[in-house]
Amino acid sequence: MTGAEFGALLKKGISGGFLFYGEETYLKHRYLEAVRKEIVPDPTLDAFNRYRFDERSYDPDALRGAISSFPMMAEKKLIELHSLPLSQMKSGEMSELTDALSSIAPDDGTVLILYTEPEEFDPGTPKRPSSLFKTLSGILTPVLFDRETPARLNKWITQHFAAEGVFASSDLALRLTDYVGKDMYALSGQIEKLAAYVRANGRDHLTDEDITLVACRYREPQAFDFANAILDGNLSEALSLLSEKKLRKEPPEIILSGVSTVFCDLLTLRLLYDNGCQPKEMSAKTGMHEYRVNLYLRTAVKKSASVYKKALSLCADADLRIKSTPLDPYVLLDRLVVETATLR
């Protein structure tokens, strides 16, 4: 199922479990927000009808309890699973998870979203799906959020400009993707900035000169690049990458989830390395592709396991503050970068 197909289904009414996966984080997050608004429209009932589990709070018994609970003053409840170390779960742990997920009844009012990032979940390919994808898709409905085609992305850009009261031709939409990139978070931020600039100058049509003058060229940073810059103590690079993520309006919890996942992977590889494991064996034990193992291992050996543990502890503290305090989450991420980059 594609994101668009899921959106159509959501309008009709959904129930059951879904696996969100794929590279287009913007759409994945937007559809998750749409699910939240649809299933728990009353924010005063959020604490009763929305359950959120992550790698620290997840427990199979607690998940079963959430699934078996009844919605309070509502027809449905929402359960979200985030940042689970799926590829690192042992067979017994995976069985406990799948057993819990299998307890979802078709019409019991439960909507469950297993939300994954590309770094956390390898689906394989359509012709050769991974064993993990086969296991989860046998229980949950998979929803693929792939990069949009050029034609769909072009249409999306012109529609977003129109919503801002600015006309952008198809040619200029293509020009914008060439200049900014195809990441939808980056594009949404640039569209908002460009539209504000055009309106401020008393116009309602975007020009090529506007793009050159106002838009920022963008290099898509990966979570590994960001984490690597932090661990190398390269504060200027790390803060620059974080600024690009802010520019894209990437949600703070998504940024933190990505870097935390990388730190977890680096810690795992460092511990395996300390125990004499070779890359092939590491790949077999972790479920990571051997190429990725070799890439991460070059960074993992630069620091001790204790450094990665401290980094993860700082990430956990930042996550708690983002979710439980009114502090600006991006300021908390800035602080996390500085604190983590100075670990020894």
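Numbering (our numbering), first residue to last: 845 to 1188. Positions of the beta carbon are idealized from the N, C-alpha and C atoms, including for glycine.
Neighbourhood of residue i by C-beta distance below 7 Å, restricted to the same chain and skipping five residues each side
i     : result
D951  : S859
I948  : G860, G861, I911, T954, L956
L1110 : Y1140, T1143, A1144, Y1152
W1000 : E992
L997  : T1021, K1026
T846  : L988
P915  : N893, K921, G953
S981  : L863
T1112 : Q932, T1130
Own chain residues within Cβ distance below 8 Å of residue i, not counting five before or after
i     : result
Y902  : L925, L928
K881  : none
A1059 : L1020, Y1023, V1024, Q1034, K1037, L1038
K1146 : L1075, D1076
R1193 : Given a span of 845 to 1188 for the chain in the structure shown, any question on residue 1193 remains unanswerable.
L1085 : P1065, D1069, F1070, A1073
F864  : K872, Y875, L876, I957, L958, Y959, T960, V987, F989
M933  : L941
L853  : M845
A906  : F897
Residues of its chain near residue i, where Cβ-Cβ distance is below 6 Å and the 5 sequence neighbours each way are ignored
i     : result
E1094 : Y1029
D890  : V884
V1137 : P1123, M1126, S1127
G968  : S974, F977
L1116 : M1126
T1257 : Here the chain covers residues 845 to 1188 and nothing more, so residue 1257 does not appear.
Y870  : M1028, Y1029
E937  : none
I923  : Y895, A910, L956
Contact check, residue i vs residue j, beta carbons under 8 Å
i     : j     : result
D966  : H1133 : yes
L976  : G861  : no
A1185 : I1074 : yes
R1092 : I1055 : no
A1155 : L1187 : yes
R896  : K921  : no
G1009 : D1048 : yes
T1130 : S935  : no
P1170 : P1096 : no
A1067 : R900  : no
H1004 : S974  : no
F1011 : L1057 : no
L1177 : R1165 : no
With 16 other Cβ atoms within 10 Å as the buried cut-off, status of residue i
i     : result
N844  : Outside the displayed range of the chain (845 to 1188) lies residue 844, so it cannot be described from this structure.
H873  : buried
F1107 : buried
T1002 : buried
A848  : exposed
L941  : buried
K978  : exposed
R972  : exposed
V1182 : exposed
R1114 : buried
G866  : buried
V879  : buried
K1167 : exposed
K1089 : buried
T888  : exposed
A1082 : buried
E919  : exposed
Any non-hydrogen atom of the ligand COA closer than 7 Å to residue i Cβ
i    : result
M938 : You won't find the ligand COA in this model; it holds no ligand whatsoever.
(request) Could you name each continuous alpha helix (DSSP H) segment of 4 residues or more that falls completely within the region 1091–1144, going from the start of the chain to the end? (result) As far as the region 1091–1144 is concerned, its whole alpha helix (DSSP H) runs of at least 4 residues are 1096–1118, 1123–1130, 1134–1144.
(request) Could you tell me whether the region 957–974 touches the region 1101–1118, using the rule of 3 or more Cβ pairs below 8 Å? (result) Output reads yes: the region 1101–1118 touches the region 957–974.
(request) Could you say if the region 1078–1093 and the region 1040–1047 meet the contact criterion of at least three C-beta pairs nearer than 8 Å? (result) Taking one beta carbon from each stretch, the region 1078–1093 and the region 1040–1047 have fewer than 3 pairs nearer than 8 Å; the two do not touch.
(request) Tell me the start and end of each unbroken alpha helix (DSSP H) in the region 901–960 that is at least 4 residues and wholly inside, in chain order. (result) Counting only runs of 4 or more, we get 904–912, 935–945.
(request) Decide yes or no for the touch test of the region 1008–1020 against the region 980–989: beta carbon pairs closer than 8 Å, at least 3 of them. (result) Taking 8 Å as the limit for Cβ pairs, the verdict is that the region 980–989 does not touch the region 1008–1020.
(request) Within the region 977–1031, note down every full beta strand (DSSP E) run reaching 3 residues or more, in order along the chain. (result) As far as the region 977–1031 is concerned, its whole beta strand (DSSP E) runs of at least 3 residues are 985–988.
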